[in-house]
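Asker: Residue numbering for the sequence shown follows the numbering used here, beginning at 217 and increasing consecutively.
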Amino acid sequence: MPKFFLSPSIFCSSSRKRKSNHRNKVENIPMSSEFGFPQNEWFYIKSQINGHVLEPQSLSVNSGVRIIVSKQRFGYDADSQLWKCDNGFLINRASGKVIDIQGGHIRTFHRTHICQFDQKPLSEAQNQRWIYLPEGYISPLNNNEYVIHVSGHFGIEKLEGAHVLIRHIKDHDSHKQKWTFEKEHDQPAILTPPIPFANDVMSHSTESSYFTNEIK
């Protein structure tokens with residue numbers, strides 16, 4: 217089967233009518249012309265419905281772990297929420313694994329989750345390569361009728377920990393399916409203090425003991 221790459225411009229001319237009155241990208245981020253994601257940057261993938269961002273469940277670095285949405289974190293705590301695009305693969309900084317369609321294919325009549333998994337060779341990676349469409353959708357590179365979707369109804373989709381699925385693209389409920397990007401260095405470099413090393417703790421403990429003895 218011949219290999220080919222799809223450009224976002226192809227989808228702009230689609231006969232399918234979609235709303236396009238949303239600003240979907242954070243300004244001043246250089247976008248990859250081929251796949252539509254920020255290039256040469258670590259970035260957050262942020263849901264437009266709740267402001268939460270994609271990350272592996274329970275901060276896991278294991279293959280097969282599902283992707284959920286969580287409250288955005290910064291500094292030392294942010295690695296599991298940061299992604300980079302490389303040739304259509306979305307790579308997690310903490311685990312080094314890529315966003316993957318769980319089970320390897322979209323199940324039409326069942327829930328299809330996304331997960332993180334070891335990156336595959338290009339010839340086997342149909343379920344691991346993504347494209348960002350102009351309307352704000354993130355779609356499998358080889359099937360732009362399906363997109364990444366925050367699961368839930370009646371407010372559940374706005375909660376931290378909501379599951380993320382692959383669903384058929386929608387117009388009426390599209391706020392669950394639209395995403396923006398935010399660069400890592402748009403945020404303060406450090407907001408969470410580092411964990412002290414054991415010798416630092418011992419040194420501090422010794423000093424405290426010394427001053428306590430002096431007071432006595």
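A virtual CB, placed ideally from N, CA and C, is assigned to each residue, including glycine.
(1) Please classify Q332: does DSSP put it in a helix, a strand, or coil?
(2) With distances taken from CA atoms, which of K374, H379, F251, P337 is nearest Q264?
(3) Could you tell me the boundaries of the beta strand (DSSP E) in which N303 lies?
(4) Quick check on the DSSP output: the beta strand (DSSP E) that includes K262 runs from which residue to which?
(5) Spell out the partners DSSP gives V314 in its beta bridges.
(6) Using a 10 Å radius around the Cβ and a threshold of 16 neighbouring Cβ atoms, would you call N266 buried or exposed?
(7) Between S274, D302, D293, which has its C-alpha nearest F251's C-alpha?
(8) Assuming contact is defined by CB atoms lying nearer than 8 Å, are T396 and K262 in contact in what I supplied?
(9) Mind pulling the beta strand (DSSP E) runs of 3 or more residues that sit fully within the region 349-390?
(10) Taking E271 as the reference, which of H388, A378, H391 has the closest Cα?
(11) For I330, I'd like the list of residues in its chain whose CB is within less than 8 Å of its CB, leaving aside the five on either flank, ordered along the chain.
(12) Taking the continuous beta strand (DSSP E) assigned at E398, which residues delimit it?
(13) Take C228 and list the residues in its own chain whose beta-carbon comes closer than 8 Å to its own, dropping the five residues that flank it on each side.
(14) When we look at the beta-carbon of L298 and count the other beta-carbons within 10 Å, is it buried (16 or more) or exposed?
(15) Would E361 be called buried (16 or more neighbouring beta carbons within 10 Å of its own) or exposed?
(16) To the nearest angstrom, report how far apart Q344 and A294 are at their CA atoms.
(17) S296 lies in the beta strand (DSSP E); which residues open and close that run?
(18) Straight-line CA distance for P410 to Y292?
(19) Following the continuous beta strand (DSSP E) through T270, name the residue where it begins and the one where it ends.
(20) One question on the structure: do E376 and S311 come within less than 8 Å of each other, judged by their Cβ atoms?
(21) Over the uninterrupted beta strand (DSSP E) stretch that includes I283, give me the two end residues.
(22) DSSP puts I347 in a beta bridge; with which residues?
Answerer: Result, derived from the coordinates:
(1) strand
(2) K374
(3) From DSSP, N303 is part of no beta strand (DSSP E); its letter is neither H nor E.
(4) 259-263
(5) I307, F333
(6) buried
(7) D302
(8) yes
(9) 354-356, 362-366, 380-384
(10) A378
(11) R282, I283, I315, D316, I317, Q318, I364, V380, L381, I382
(12) 395-399
(13) Residue confidence is low: C228 scores 34 on pLDDT, short of 50, so the model does not pin down where it sits. Its coordinate-derived value is still stated next. Answer for C228: P350, listed in chain order.
(14) buried
(15) exposed
(16) 23 Å
(17) S296 -> no beta strand (DSSP E), and no H or E assigned at all.
(18) For P410, the predicted structure reports a pLDDT of 46, less than 50, and the residue's modelled location is therefore unreliable. The matter cannot be settled from this model.
(19) First, the residue type needs correcting, since residue 270 is Leu and not Thr in the sequence shown. Element bounds for L270: 269-272.
(20) no
(21) 283-286
(22) S355
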